[in-house]
Amino acid sequence: MLVAVFGAGYAGLTLARTLERTLPADAELVVVDESTDHLVQHELHRVVRRPSLADEITVSLADALGCEVRQATVTDIDADAGEATLEPPTGSEETLSYDVGAVCLGARTAFYGLDGVREHATPLKRLADAREIRRDFLDLTDGDRAVVGGAGLSGVQVAGELAALADERGVDAEVCLLEQAAEVAPAFPDSFQRAVHDALVGAGVTVRTGTAVERADAESLSLADGETLDYDQFVWTGGITGSPALDDDRPVVRADLRLGEATFAVGDAARVVDSDGAAVPASASAAIREASVAADNIAALVEHRREGSGGFEPRLARYRFDVPGWLVSVGDDAVAKVGPTVLTGRPALALKTTVGAGYLGSVGAIREATDLVREELGIDAGDVEAAPDDIVDVSGTE
Numbered sequence: 031m032l033v034a035v036f037g038a039g040y041a042g043l044t045l046a047r048t049l050e051r052t053l054p055a056d057a058e059l060v061v062v063d064e065s066t067d068h069l070v071q072h073e074l075h076r077v078v079r080r081p082s083l084a085d086e087i088t089v090s091l092a093d094a095l096g097c098e099v100r101q102a103t104v105t106d107i108d109a110d111a112g113e114a115t116l117e118p119p120t121g122s123e124e125t126l127s128y129d130v131g132a133v134c135l136g137a138r139t140a141f142y143g144l145d146g147v148r149e150h151a152t153p154l155k156r157l158a159d160a161r162e163i164r165r166d167f168l169d170l171t172d173g174d175r176a177v178v179g180g181a182g183l184s185g186v187q188v189a190g191e192l193a194a195l196a197d198e199r200g201v202d203a204e205v206c207l208l209e210q211a212a213e214v215a216p217a218f219p220d221s222f223q224r225a226v227h228d229a230l231v232g233a234g235v236t237v238r239t240g241t242a243v244e245r246a247d248a249e250s251l252s253l254a255d256g257e258t259l260d261y262d263q264f265v266w267t268g269g270i271t272g273s274p275a276l277d278d279d280r281p282v283v284r285a286d287l288r289l290g291e292a293t294f295a296v297g298d299a300a301r302v303v304d305s306d307g308a309a310v311p312a313s314a315s316a317a318i319r320e321a322s323v324a325a326d327n328i329a330a331l332v333e334h335r336r337e338g339s340g341g342f343e344p345r346l347a348r349y350r351f352d353v354p355g356w357l358v359s360v361g362d363d364a365v366a367k368v369g370p371t372v373l374t375g376r377p378a379l380a381l382k383t384t385v386g387a388g389y390l391g392s393v394g395a396i397r398e399a400t401d402l403v404r405e406e407l408g409i410d411a412g413d414v415e416a417a418p419d420d421i422v423d424v425s426g427t428e
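428 is the number that the working numbering gives the last residue of the sequence shown; the numbers go up by one with no jumps.
Have a look at this one:
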């Protein structure tokens, strides 16, 4: 019996590591990802200012997993038939048939069909994106302007890094953060929004809310209010869309995460409605917790099918969204909301860094976790391993 996990981001890697421990010995597990490495996405913005952090936030899948890891791009999935079309880096297209599977392909940056935005903006999804953003910003001089479109967590974090990089270089370049909603971090609680706004302003970022981008050319943005905003660098973090393997869609799945007869969708690849009927925000924390539910359900289906049992399939576990809080960094500052309490400054930064290190520890990357804490906080972390359930949301995957 073949169990396939498509994608090795937060959801896929967590799910695969759990299945390695829980699947019966005669079940074969394969993980398919276009990369040979797992990227800790919520720390990616740090590479804009500190390129050396790339090694600390990259985990080899071969080191993290003991099962077969196949490098290929998933171009299509038939969730009911249990078939996936794969495109290896070299070689012809192939079909992988599986008995039980999980789609954990994450999401891509959404450009919403806005004229010129895809062509002229740099997203922030890969290490190559962070390095390009850094290179472009280092070319700016006094009086230049970098515009970041979208003030979700990713936009907040990259704007903070650019403002801090300008300070470090002593360059009087403006960093302008645009958000079409009325507040930054629009999907989050009011107290968190206010603290994030204040941290951005304190870092020197020009914050413009209620400001929508309509189109872009090589030198300027046309805004919905008719204004033309010139720029020298343009970064876009304006939202997410689905994987091409799912026709660029993020299909809705219910709390059992079932996408097809024996296929589950986990993490940002789908829009999850939890057991309370609430829409689950796209986030690392949700993806990790969903992976635990998916692992239980996959194991239950595998056991049912191995036994050749007739009648009803096993009752599946259901996911309920519940995270202890939210975290975001803003340059050398950070904002944390844990329960009713909002923290800023070094306590919040320390919490964010140790949460990131705890996640690395949870996927077996102890060296990377220790190095991350040492570089970010200047202390020796020792053993920083933590369980995924302890993670406060720091993803910025919107």
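Even glycine gets a Cβ: it sits at the ideal position worked out from N, Cα and C.
Chain-order list of residues whose beta-carbon lies under 8 Å from that of residue i (same chain, five-residue window excluded)
i: G240; result: E209, Q210, A211, A212
i: H150; result: A246, D247, A248, F264
i: D129; result: M31, L32, V33, G112, A292, V332, R335
i: R350; result: A285, D304, S305, D306
i: A137; result: I270, T271, G272, S273, R280, D298, A299, A312, T427
i: T66; result: S90, L91, A92, V99, Q101
i: G234; result: A193, A196, D197, V205
i: P344; result: A330, L331, E333, H334
Supposed close pair residue i, residue j - CB separation, criterion 8 Å
i: E162; j: T152; result: 5 Å
i: V89; j: F36; result: That pair is no contact at about 18 Å.
i: L91; j: A102; result: In fact, because the Cβ distance is near 13 Å, the residues do not count as touching under 8 Å.
i: A347; j: D326; result: 4 Å
i: G290; j: A109; result: 3 Å
i: T374; j: A225; result: 6 Å
i: L154; j: A160; result: 6 Å
i: L207; j: R238; result: 7 Å
Close beta carbons around residue i, own chain, < 6 Å, minus the five adjacent residues each side
i: Y261; result: R175, V177
i: V302; result: V283, V310
i: D220; result: none
i: F141; result: V147, R148
i: V70; result: I87
i: V422; result: Its pLDDT being 46, under 50, V422 is placed unreliably by the model, and the measurement read from it follows with that caveat. Only P354, G355, L357, V385 meet the Cβ criterion.
i: P118; result: A102
i: L251; result: V243, L259
i: D166; result: Q263
i: E64; result: T103
Beta-carbon spacing of residue i, residue j below 7 Å
i: A387; j: A364; result: no
i: A94; j: G307; result: no
i: L195; j: R79; result: yes
i: V60; j: E98; result: yes
i: A324; j: L45; result: yes
i: T271; j: D278; result: yes
i: G180; j: T267; result: yes
i: T236; j: E198; result: no
i: A84; j: L157; result: yes
i: V368; j: P354; result: yes
i: I107; j: A330; result: no
C-beta neighbour in chain C for residue i, strict 7 Å
i: G297; result: In the structure shown, chain C does not exist; there is a single protein chain.
Spatial neighbours of residue i in its chain, beta-carbon cut-off 7 Å, leaving aside the 5 residues before and after
i: T48; result: A321, S322, A325
i: L253; result: T241, A242, V243, E244, L259
i: V201; result: L170, T171, D172
i: F222; result: A215, W356, V365, K367, V372
i: T120; result: none
i: D19; result: In the structure as shown, the chain begins at 31 and stops at 428. Residue 19 is therefore absent and cannot be evaluated.
i: I328; result: V33, L49, V130, A132, F294
i: P370; result: none
i: D420; result: Per-residue confidence for D420 stands at a pLDDT of 42, beneath the threshold of 50, marking its modelled position as unreliable; no derived number is given.
Query raised in the report: Below 8 Å, can you find three or more Cβ-Cβ pairs linking the stretch 120-137 to the stretch 280-299?
Result: yes
**Report entry** Contact between the stretch 37-52 and the stretch 304-317 (3+ Cβ pairs under 8 Å)
**Finding:** yes
Report task. Report the residue ranges of all alpha helix (DSSP H) runs contained in full by the stretch 229-287; include only those spanning at least 4 residues, in chain order. Result -> none
Requested in this report: Determine contact between the stretch 219-232 and the stretch 240-258, defined as no fewer than three beta-carbon pairs at a distance below 8 Å.
Outcome: no
Query raised in the report: Counting pairs of Cβ atoms below 8 Å between the stretch 49-60 and the stretch 358-377, do you hit three or more?
Result: no
Report task. Inspect the CB distances between the stretch 71-81 and the stretch 178-196 and report whether three or more fall short of 8 Å. Result -> yes
Query raised in the report: Quick one: complete beta strand (DSSP E) runs, 3+ long, within the stretch 321-381?
Result: Within the stretch 321-381, the complete beta strand (DSSP E) runs of at least 3 residues are 355-360, 363-368, 371-374.
Query raised in the report: Touching or not, the stretch 276-290 and the stretch 118-127, by the rule of three or more beta carbon pairs under 8 Å?
Result: no
Query - Inside the stretch 39-110 only - alpha helix (DSSP H) runs reaching at least 4 residues - result: 40-52, 76-79, 91-94
Report task. Mind listing, in chain order, the continuous alpha helix (DSSP H) runs of no fewer than 4 residues lying wholly within the stretch 147-195? Result -> 147-150, 157-168
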